[in-house]
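K.L.:
Heads up: the sequence shown begins at 2 in this note's numbering, then just goes up one per residue. Before anything else, here's the structure in question.
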Amino acid sequence: MSSLFKHLLGIVSFFVLLSSSAFASESPLCMAQGQPLDVNNEQIIDWKIHSKNQYKNRGHLAGVLTRLYKDKTGHRHFQVRIGDDPRATIEIIYNQKFGKMTEQALHQGAEIEACGDYITSNKRAGNYPASPDGAILHWVHGSTSSHHDSGYVIIDGTVYGLKD
């Protein structure tokens, strides 16, 4: 496939995803300090571009899985495109202690919705290397603390991270 065709296919897939109502009735609520948080892709892209390294906030995104990264210590790492610009990507880090993700679930083109903690990660911070995407969304699983909101990942309609 030519790179132009792949780019156009990505854009079309992204807009089909955003225009679908697949997430609306099936999604758990994404909460931020006790308040529901709508998908905030544009805000996440703005944070990624304009905030300092290690800036933190709550994020709720919808996009398309575009790349898998090497698993690290029981965590799944994958790239999600959340805008029409090919650079509008974020790395999601999922802790498999909160539910296993199957190999089949993680495939390029999968529709993703995720709720968790956003961090700008464009430089090393202590023991943590910079993200290849310059930003991460983590804590995308249930919380074991009443002081921290739960998160989740939905891949092609299947919810991960919220153990029953």
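For glycine and all other residues, C-beta sits at the position ideal for the given N, C-alpha and C. Fair warning: this is a prediction, and the values are worked out from it, not measured in the lab.
Would you grab the beta carbon distance between Ile60 and Leu163 for me? Rounded to a whole angstrom, and I think it's under 8 Å.
P.N.:
Sequence index remark: in the sequence shown, residue 60 carries index 59 (1-based). Sequence index remark: in the sequence shown, residue 163 carries index 162 (1-based). Per the sequence presented here, residue 60 reads as Gly, with Ile not at that position. Not a contact, Cβ separation roughly 17 Å.
K.L.:
Using DSSP's beta-bridge definition, name the partner residues of Ala115.
P.N.:
One-based indexing of the sequence shown puts residue 115 at position 114. Note: Ala115 sits in a beta bridge opposite Leu62, Val154.
K.L.:
What are the start and end residues of the beta strand (DSSP E) that includes His166?
P.N.:
Because the chain here runs from 2 to 165, residue 166 falls outside it and cannot be looked at.
K.L.:
Decide if Asp85 is buried, meaning its Cβ has at least 16 other Cβ atoms within 10 Å, or exposed.
P.N.:
Counted from its first residue, the sequence shown places residue 85 at position 84. The residue is exposed, with fewer than 16 neighbouring Cβ atoms inside 10 Å.
K.L.:
Compare the Cα-Cα distances from Gln109 to each of Gly75, Val81, Gly100 and report the closest residue.
P.N.:
For the purposes of this step, residue 109 is taken as residue 108 along the sequence shown, with counting starting at 1. If we check each option's Cα against that of Gln109, Val81 comes out closest.
K.L.:
How long is the line joining the alpha carbons of Asn42 and Ala115, rounded to whole angstroms?
P.N.:
The sequence position of residue 42 within the sequence shown is 41, counting from 1. The sequence position of residue 115 within the sequence shown is 114, counting from 1. If I take the Cα positions, the gap works out to 11 Å.
K.L.:
If you draw a straight line from the C-alpha of Val141 to the C-alpha of Ala131, how long is it?
P.N.:
In the sequence shown, residue 141 corresponds to position 140, counting from 1. In the sequence shown, residue 131 corresponds to position 130, counting from 1. If I take the Cα positions, the gap works out to 19 Å.
K.L.:
How many angstroms separate the CA atom of Gly117 from the CA atom of Lys73?
P.N.:
By 1-based counting over the sequence shown, the position of residue 117 is 116. By 1-based counting over the sequence shown, the position of residue 73 is 72. Cα to Cα, the separation comes out at about 19 Å.
K.L.:
Distance, Cα to Cα, Pro133 vs His51?
P.N.:
Taking the sequence shown and counting its residues from 1, one reaches residue 133 at position 132. Taking the sequence shown and counting its residues from 1, one reaches residue 51 at position 50. Whole-angstrom Cα-Cα distance: 17 Å.
K.L.:
What are the start and end residues of the beta strand (DSSP E) that includes His139?
P.N.:
Walking along the sequence shown from the start, residue 139 turns up at place 138. 136-139 is the span of the beta strand (DSSP E), which, as asked, contains His139.
K.L.:
When the distance is taken between beta carbons, is Tyr161 closer than 9 Å to Ala31?
P.N.:
Along the sequence shown, read from residue 1 onward, the residue named residue 31 stands at position 30. Along the sequence shown, read from residue 1 onward, the residue named residue 161 stands at position 160. Sequence check: residue 31 is Cys here, not Ala. Their beta carbons are not under 9 Å apart, which means Cys31 does not touch Tyr161 by this criterion.
K.L.:
Where does the unbroken beta strand (DSSP E) through Asn42 begin, and where does it stop?
P.N.:
One-based indexing of the sequence shown puts residue 42 at position 41. Counting along the chain, Asn42 falls outside any beta strand (DSSP E), though it belongs to the alpha helix (DSSP H) covering 42-51.
K.L.:
Identify the continuous beta strand (DSSP E) that holds Glu92 and give its terminal residues.
P.N.:
In the sequence shown, counting from the first residue as 1, residue 92 sits at position 91. For Glu92, the uninterrupted beta strand (DSSP E) segment begins and ends at 90-96.
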